[in-house]
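Counting in my numbering, the sequence shown runs from 2 upward without gaps.
Ideal Cβ placement from N, Cα and C applies to all residues, glycine included.
Note that the structure is a prediction, hence the values are computed from the model and not measured.
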Amino acid sequence: MKKLLLSLAMVAGLGLAANAQTKDPAMNGSKLGVGADFAFPMGDFGDVYNFGIGGSLNLQAPIASKLNFVGEAGYLSFTGKEYTSTFAGVTVTGKAPSVGFVPLKAGLRYFLAENFYAQGQLGAAISTESNGGAAFLYAPSLGFEFPVDNKLAIDFGARYEGWSKNGTSSFIGLRAALNFGL
Numbered sequence: 002m003k004k005l006l007l008s009l010a011m012v013a014g015l016g017l018a019a020n021a022q023t024k025d026p027a028m029n030g031s032k033l034g035v036g037a038d039f040a041f042p043m044g045d046f047g048d049v050y051n052f053g054i055g056g057s058l059n060l061q062a063p064i065a066s067k068l069n070f071v072g073e074a075g076y077l078s079f080t081g082k083e084y085t086s087t088f089a090g091v092t093v094t095g096k097a098p099s100v101g102f103v104p105l106k107a108g109l110r111y112f113l114a115e116n117f118y119a120q121g122q123l124g125a126a127i128s129t130e131s132n133g134g135a136a137f138l139y140a141p142s143l144g145f146e147f148p149v150d151n152k153l154a155i156d157f158g159a160r161y162e163g164w165s166k167n168g169t170s171s172f173i174g175l176r177a178a179l180n181f182g183l
């Protein structure tokens, strides 16, 4: 995990250096982002599931200088881990089933520097399983967004995401996206 985050930071530094002379179009105007999401479960959630993968759509609209409203919808699928359990001398092996969720989030993105942002979102994670229900979702994150073209920017973000429903399920999430100016 440390190597992945270090690699992400290095790519960010190179991207910022390469585009230091270009004003980020993301700082001005609305945009639509299409991204790939990766989730690495923690705690009890990580005891049952290996990882999650999915996609998301993100809409940003400026509401003040350096401050954007963010709305996001996506899909995440988590793959189950194999397990071995012994009870009363009987050993059982199996694999936890894969599960899917539709996270719906809204929040604010504040640009701390030209391309570097902090973001906070709240929402609901809706299970796609029968009788799965929904959980309250909160997701603070940090990321960077740098221009590739006049109306196109690359967006990388890392977040801690927690889902509260009869306890908390949490994961570290990574998102790589293309943001298109509207």
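Within the same chain, and ignoring the five residues on either side of R176 in sequence, the residues whose Cβ sits closer than 6 angstroms to its Cβ are G36, D38, G158. The distance from the Cβ of G182 to that of K32 is about 5 angstroms, consistent with a contact at the 8 angstroms cut-off. Rounded to the nearest whole angstrom, the CA to CA distance from Y50 to Q122 is 24 angstroms. Between the beta-carbon of G101 and that of L138 there is about 15 angstroms, and that puts the pair past the 8 angstroms contact cut. Assignment of beta strand (DSSP E) within the region 36 to 103, counting only whole runs of 3 or more residues, yields 50 to 65, 68 to 81, 83 to 88, 91 to 96 in chain order. Secondary structure of E130 (DSSP, three-state): coil.
In the displayed model, A177 falls within a strand according to three-state DSSP. Closest in C-alpha terms to S99, from the list F112, P148, E83, A126, comes E83.
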